[in-house]
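Trainee: I have a structure here, written as structure tokens, and I will follow up with some questions on it.
2 protein chains.
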Amino acid sequence: MNRKILLDEKDIPRQWYNLNADLPNPPLPPLGPDGNPIRPEMLAPVFPMNLIEQEVSTQRWIDIPEEILDILYRWRPAPLRRAVYLERFLDTPAKIYYKDESISPAGSHKPNTAVPQAWYNKQFGIERLTTETGAGQWGSALAFACRLIGLECKVFMVRISFDQKPFRKLMMQVWGGNCVASPSTETKAGRDILEKYPDTAGSLGVAISEAIEQAVTDPTGKTRYSLGSVLNHVMLHQTIIGLEAKAQLKSIGEGLPDIIIGCAGGGSNFAGLSFPFTADKINGANIEIIPVEPTACPTLTRAPYAYDHGDTACMTPLLAMYSLGHDFMPPPIHAGGLRYHGIAPMVSQCVVEGLHTPRAIDQIECYEAALTWAKTEGFICAPETSHAIAATIQEAKKAKEEGKEKTILFNYSGHGLMDLSGYDAFMSGKLTPYSLPDEMLEKTEACLKAYPQPQVRKTGKW
Amino acid sequence: MNRKILLDEKDIPRQWYNLNADLPNPPLPPLGPDGNPIRPEMLAPVFPMNLIEQEVSTQRWIDIPEEILDILYRWRPAPLRRAVYLERFLDTPAKIYYKDESISPAGSHKPNTAVPQAWYNKQFGIERLTTETGAGQWGSALAFACRLIGLECKVFMVRISFDQKPFRKLMMQVWGGNCVASPSTETKAGRDILEKYPDTAGSLGVAISEAIEQAVTDPTGKTRYSLGSVLNHVMLHQTIIGLEAKAQLKSIGEGLPDIIIGCAGGGSNFAGLSFPFTADKINGANIEIIPVEPTACPTLTRAPYAYDHGDTACMTPLLAMYSLGHDFMPPPIHAGGLRYHGIAPMVSQCVVEGLHTPRAIDQIECYEAALTWAKTEGFICAPETSHAIAATIQEAKKAKEEGKEKTILFNYSGHGLMDLSGYDAFMSGKLTPYSLPDEMLEKTEACLKAYPQPQVRKTGKW
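If you read the sequences in order, they're chains A and B.
Counting from 2, one number per residue, gives the positions in the first sequence under this note's numbering.
Counting from 2, one number per residue, gives the positions in the second sequence under this note's numbering.
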């Protein structure tokens with residue numbers, strides 16, 4: 002039995018896979034303030050043109066520059082592992098594989114896109130990047146990438162995570178990053194929110210507004226903004242996860258998995274694992290592909306498919322996506338990376354098409370799954386990752402009930418060593434089950450009604 | 002070029018290597034309170050007999066039970082990596098390899114012995130282990146091992162680390178461990194010290210006393226004590242590191258390294274990497290083997306070779322080792338794992354023989370090395386590990402000066418994600434260079450003079 006399936010450095014994928022080349026209906030274009038589709042050059046104050054080109058590309062395969070691979074080799078190819086100890090514990094006929102993205106320097110999948118983003122910005126002559134971070138995974142990853150590539154890095158960290166995770170800030174500082182709590186007083190967006198909600202726990206939406214504002218208002222023009230999820234080029238960079246996994250499964254004679262699972266906040270780790278397999282599903286393969294979100298922030302399972310801003314201050318274009326509304330203030334659950342009101346338009350389109358079948362799980366079940374993981378596989382997972390593990394356990398139990406030897410593949414998006422306060426809250430009985438109350442969805446409706454309704458384009462057959 | 006040298010699961014070492022079979026003069030036997038060598042059965046209240054047998058064994062190869070391997074496979078074999086990015090930065094002709102022990106669930110090399118110790122105790126019918134921890138690496142490792150094997154675990158954590166690293170305690174709790182600050186009021190040893198030094202930062206010596214006291218006073222007889230370093234059987238279990246490294250170097254056609262480096266507190270990670278190569282040195286190979294310690298706790302470089310207790314309350318037998326005195330209270334440096342007054346008798350004997358050539362490095366140089374590592378290799382190392390990196394950088398620079406293509410191998414004993422407060426202190430300028438003042442060594446002399454002088458047995462030729 003293979004517990005660890007390793008890929009040699011020379012077999013690392015040399016191209017990213019762009020699902021937009023194969024989707025029956027690619028996502029609808031973002032809309033500008035005038036309601037018309039935005040033109041690429043309108044994004045130029047925010048992103049460098051080389052990344053904007055990737056953002057709008059429909060080319061199936063995009064070369065990964067050698068200089069980027071040279072950095073990724075620090076931890077990639079990442080191991081594919083078989084969770085034999087969890088299998089034994091569950092006494093399931095299912096085979097459980099997981100892609101271990103926790104082994105990167107920043108401890109999650111995030112450096113897979115932080116590195117190319119920093120590299121393309123540097124190529125374009127940019128000197129400084131701004132960004133937001135929720136749980137801190139993304140901020141650490143970008144600080145790491147900027148350090149190696151030689152850019153300044155400014156991170157707006159959602160207040161609740163900033164307070165719960167003091168060591169995340171230090172981690173960014175070790176890599177030379179400058180991290181402040183959001184909302185901050187450094188930006189107009191931050192000051193406006195603080196005036197309205199002085200005690201706010203913050204949100205990714207607000208932090209994004211602050212980071213964009215600092216990028217576009219830099220008079221030198223040498224600052225750009227970097228986003229760790231949601232956008233097409235971020236999904237693109239993360240496909241290296243699924244491409245490696247596919248090569249690794251093939252190397253041990255496994256066929257395509259029956260079930261693919263990833264936790265989904267903005268969608269990037271889920272997309273990174275699942276998109277290369279979504280292509281197989283479009284071509285007829287029978288794969289169940291499950292993005293998992295918290296019941297406290299049920300974007301894919303309960304929010305409408307709508308046009309909405311990616312940030313709270315409405316600085317981004319309108320994106321066609323599932324959204325709880327850009328003014329949604331998610332409850333302070335510990336899976337900070339899953340507290341986002343929207344989700345990637347590409348993932349949204351896959352859900353519209355029925356290619357992906359989302360699921361919401363309560364945080365209590367997720368922490369129970371995390372403790373089961375710690376006592377079987379031995380590792381401590383990120384609170385976000387626990388959602389993927391909880392769904393995996395559900396599916397492994399179902400396979401046992403059905404007596405079927407299914408193959409499950411999930412993304413182990415990050416470790417939880419910097420997120421132990423969440424475990425503490427759970428173990429000391431301070432957490433309770435939490436599903437978003439219905440009345441919050443009325444607020445969502447009110448927030449979204451000002452915007453155009455996206456056309457639902459569903460082929461429903463691939 | 003090979004950046005990652007992986008070893009297949011089927012090639013994992015199946016026996017531990019016991020250097021005592023090959024040392025020209027094995028360490029002198031421990032002495033009991035009467036000054037006579039202790040008999041194995043005298044240790045029975047503290048350790049299970051199966052581990053005591055390993056402690057006194059002179060058998061060269063000792064089989065690793067399959068059940069133990071089944072647990073180690075979670076992260077072993079560990080990768081051997083080439084630090085190409087550091088090499089480039091230093092522009093050195095030296096080839097720098099390191100064994101990555103940071104990838105274990107507890108984040109260090111410590112589970113390599115925690116797992117066998119828990120397993121042998123369980124086999125012997127023991128239900129509960131007590132231990133001490135400095136930086137928290139060992140306590141986490143034993144909690145992890147006990148969780149997987151089904152034992153209770155009680156950890157006395159040195160007060161300064163307990164306060165500096167609140168998340169270490171949570172980490173142990175995730176694995177079901179019970180962690181208290183030492184000195185505690187739970188033991189007589191702890192209460193005595195608290196009365197004398199109410200504001201003490203604690204020390205490993207005190208914490209060991211507390212853990213032993215709780216083990217030997219359990220009326221059920223089902224509790225034993227577990228030590229994470231110093232003892233022969235701990236060194237034995239750690240040799241899997243060096244055995245793997247040797248197989249990995251061989252797999253890429255590298256000969257024996259010219260220089261081997263490890264940080265040394267109690268000596269276990271250093272011994273684990275170096276002992277299998279020390280055998281080659283005894284057989285004539287030209288290898289420089291360097292244990293690195295902090296100038297703040299210079300056991301091997303400035304303390305006498307003496308008989309001393311392993312703990313502050315004098316509960317352990319007298320061990321023949323370099324020692325700063327069992328009542329030594331090390332300054333509160335951030336490399337908690339290197340704040341021990343003594344060091345393994347086996348390592349001590351190697352130093353006596355000239356097989357190992359110790360070096361002390363100041364914490365400022367070590368943190369500078371850690372930041373160099375973070376900006377080149379990208380990973381954040383443990384403060385202990387930074388001592389090995391600092392020595393590696395010294396040797397790589399020397400190789401450059403000499404124009405020699407030397408091969409350096411060091412042990413990357415753990416990551417620093419739980420130790421960021423030390424980085425914080427350094428980056429904010431709160432740390433200063435610190436070498437132990439000479440007058441402290443007078444205290445050492447006074448502490449040790451009551452004990453028999455060990456005979457210095459030095460062959461000096463191997």
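Every residue, glycine too, gets a C-beta built ideally from N, C-alpha and C.
Assess contact between the stretch 16 to 34 of chain B and the stretch 68 to 85 of chain A, defined as three or more Cβ pairs (one per stretch) separated by less than 8 Å. Is contact present?
Mentor: Result no; under three Cβ-Cβ pairs closer than 8 Å.
Trainee: Would you kindly check if the distance between the Cβ of histidine 238 of chain B and the Cβ of threonine 114 of chain B is under 7 Å?
Mentor: Yes. Within cutoff.
Trainee: Thinking just about the alpha-carbon of each residue, which of A/Gln350, A/Ala202, A/Tyr308 and A/Ala361 is nearest to the one in cysteine 264 of chain A?
Mentor: The residue with the shortest Cα to Cα distance from cysteine 264 of chain A is A/Ala361.
Trainee: Pull the bridge partners of histidine 416 of chain A from the DSSP assignment, please.
Mentor: In the DSSP output, where bridge partners are listed per residue, histidine 416 of chain A has A/Cys382.
Trainee: Glycine 191 of chain A and serine 185 of chain A look like a contact to me (Cβ under 8 Å); what is the Cβ gap, rounded to whole Å?
Mentor: Glycine 191 of chain A to serine 185 of chain A, Cβ: 4 Å. Contact.
Trainee: Taking the alpha helix (DSSP H) that histidine 310 of chain B falls in, what are its first and last residues?
Mentor: Looking at the DSSP string, histidine 310 of chain B is not in any alpha helix (DSSP H); the run it does join, the beta strand (DSSP E), is 306 to 310.
Trainee: Assuming the contact rule is C-beta atoms closer than 8 Å, glycine 206 of chain A and serine 183 of chain A should be a hit. Round their C-beta distance to whole Å, please.
Mentor: Glycine 206 of chain A to serine 183 of chain A, Cβ: 10 Å. No contact.
Trainee: Compare the C-alpha of leucine 274 of chain B against each of B/Lys5, B/Trp17 and B/Gln456 and name the closest.
Mentor: Nearest of B/Lys5, B/Trp17 and B/Gln456 to leucine 274 of chain B, Cα basis: B/Trp17.
Trainee: What residues are listed by DSSP as bridge partners for cysteine 154 of chain B?
Mentor: Answer by DSSP bridge pairing, in chain order: B/Leu130.
Trainee: Is the stretch 313 to 331 of chain B touching the stretch 239 to 254 of chain B in the sense that three or more CB pairs, one from each, lie closer than 8 Å?
Mentor: No: the two stretches stay apart, fewer than three of their Cβ pairs being nearer than 8 Å.
Trainee: Counting Cβ pairs closer than 8 Å, one from the stretch 394 to 402 of chain B and one from the stretch 88 to 103 of chain B, do we hit at least three?
Mentor: Verdict: yes, contact present.
Trainee: To the nearest angstrom, how far is the alpha carbon of aspartate 9 of chain A from that of asparagine 51 of chain A?
Mentor: Their backbone Cα atoms lie some 30 Å apart in a straight line.
Trainee: Could you please give the first and the last residue of the uninterrupted beta strand (DSSP E) stretch that includes proline 292 of chain B?
Mentor: Residues 289 to 295.
Trainee: Using a Cβ-Cβ cut-off of 7 Å, state whether valine 159 of chain B counts as contacting chain A.
Mentor: So no, valine 159 of chain B is outside the interface.
Trainee: How many angstroms separate the CA atom of phenylalanine 271 of chain B from the CA atom of glutamate 378 of chain B?
Mentor: Cα to Cα, the separation comes out at about 21 Å.
Trainee: Check the C-beta distance from serine 103 of chain B over to histidine 416 of chain B and give it rounded, since I have them as a contact under 8 Å.
Mentor: The Cβ separation is near 4 Å, so the contact holds.
Trainee: Rounded to whole angstroms, what's the CA-CA distance from arginine 225 of chain A to valine 231 of chain A? Just pull it up for me.
Mentor: Roughly 17 Å separates the two Cα atoms.
Trainee: Taking C-beta to C-beta, are leucine 410 of chain B and isoleucine 291 of chain B nearer than 7 Å?
Mentor: Their beta carbons are not under 7 Å apart, which means leucine 410 of chain B does not touch isoleucine 291 of chain B by this criterion.
Trainee: Rounded to whole angstroms, how far is the Cβ of threonine 445 of chain A from the Cβ of alanine 304 of chain A, which I believe are closer than 8 Å?
Mentor: Contact holds; Cβ gap of about 6 Å.
Trainee: Taking three-plus beta-carbon pairs below 8 Å as touching, is the stretch 421 to 437 of chain A in contact with the stretch 108 to 124 of chain A?
Mentor: Not touching, per the Cβ criterion.
Trainee: Out of B/Gly266, B/Pro333 and B/Cys315, which one is the CA nearest neighbour of threonine 302 of chain B?
Mentor: Residue B/Gly266 is the option with its Cα nearest to threonine 302 of chain B.
Trainee: So isoleucine 97 of chain B contacts chain A; which residues on that side make the cut at Cβ distance below 8 Å?
Mentor: The premise fails here: isoleucine 97 of chain B is roughly 14 Å from chain A at the closest Cβ pair, so nothing lies under 8 Å.
Trainee: Please report how far the alpha carbon of aspartate 64 of chain B lies from the alpha carbon of lysine 5 of chain B, in whole angstroms.
Mentor: Between aspartate 64 of chain B and lysine 5 of chain B, the C-alpha separation is close to 28 Å.
Trainee: Just to check my reading of the structure: methionine 173 of chain A and valine 156 of chain A have Cβ atoms closer than 8 Å, yes? What is that Cβ distance to the nearest angstrom?
Mentor: Yes, they are in contact, since the Cβ atoms of methionine 173 of chain A and valine 156 of chain A sit about 6 Å apart, within 8 Å.
Trainee: Does the beta carbon of alanine 216 of chain B come closer than 7 Å to any beta carbon on chain A?
Mentor: No, its Cβ sits nowhere closer than 7 Å to a Cβ of chain A.
Trainee: Go through its chain and collect everything with a Cβ distance to proline 28 of chain A's Cβ below 6 Å, but skip five positions before and after it.
Mentor: Excluding residues within five positions, the ones whose Cβ falls inside 6 Å are Ala321, Pro346, Met347 and Gln350.
Trainee: Shorter than 7 Å from the beta carbon of lysine 376 of chain B to some beta carbon of chain A?
Mentor: Closer than 7 Å to some Cβ of chain A, the Cβ of lysine 376 of chain B qualifies, so yes.
Trainee: Using CA atoms only, rank isn't needed, just tell me which of A/Met441, A/Ile209 and A/Asp200 is closest to threonine 313 of chain A.
Mentor: Of the candidates A/Met441, A/Ile209 and A/Asp200, the one whose C-alpha sits nearest the C-alpha of threonine 313 of chain A is A/Ile209.
Trainee: By DSSP, does methionine 322 of chain A sit in helix, in strand, or in coil?
Mentor: Methionine 322 of chain A falls in the strand class under three-state DSSP.
Trainee: Helix, strand or coil for isoleucine 390 of chain A per DSSP?
Mentor: Three-state DSSP puts isoleucine 390 of chain A in a helix.
Trainee: Is glycine 423 of chain B helix, strand or coil when you go by DSSP?
Mentor: Helix.
Trainee: At least one CB of chain B closer than 7 Å to the CB of arginine 75 of chain A: is that the case?
Mentor: Closer than 7 Å: yes.
Trainee: Which ranges would you report for the alpha helix (DSSP H) in the stretch 4 to 92 of chain A if only whole runs of at least 4 residues count?
Mentor: Complete alpha helix (DSSP H) runs here, min 4: 50 to 57, 67 to 73 and 85 to 91.
Trainee: Across which residues does DSSP place isoleucine 344 of chain A in a beta bridge pair?
Mentor: Per DSSP, none; premise fails for isoleucine 344 of chain A.
Trainee: Rounded C-beta distance between threonine 188 of chain B and glutamate 211 of chain B? I'm assuming under 8 Å.
Mentor: About 4 Å separates the two Cβ atoms, so the contact holds.
Trainee: Does isoleucine 209 of chain B get closer than 7 Å to chain A when you measure Cβ to Cβ?
Mentor: Cβ-Cβ to chain A under 7 Å: no for isoleucine 209 of chain B.
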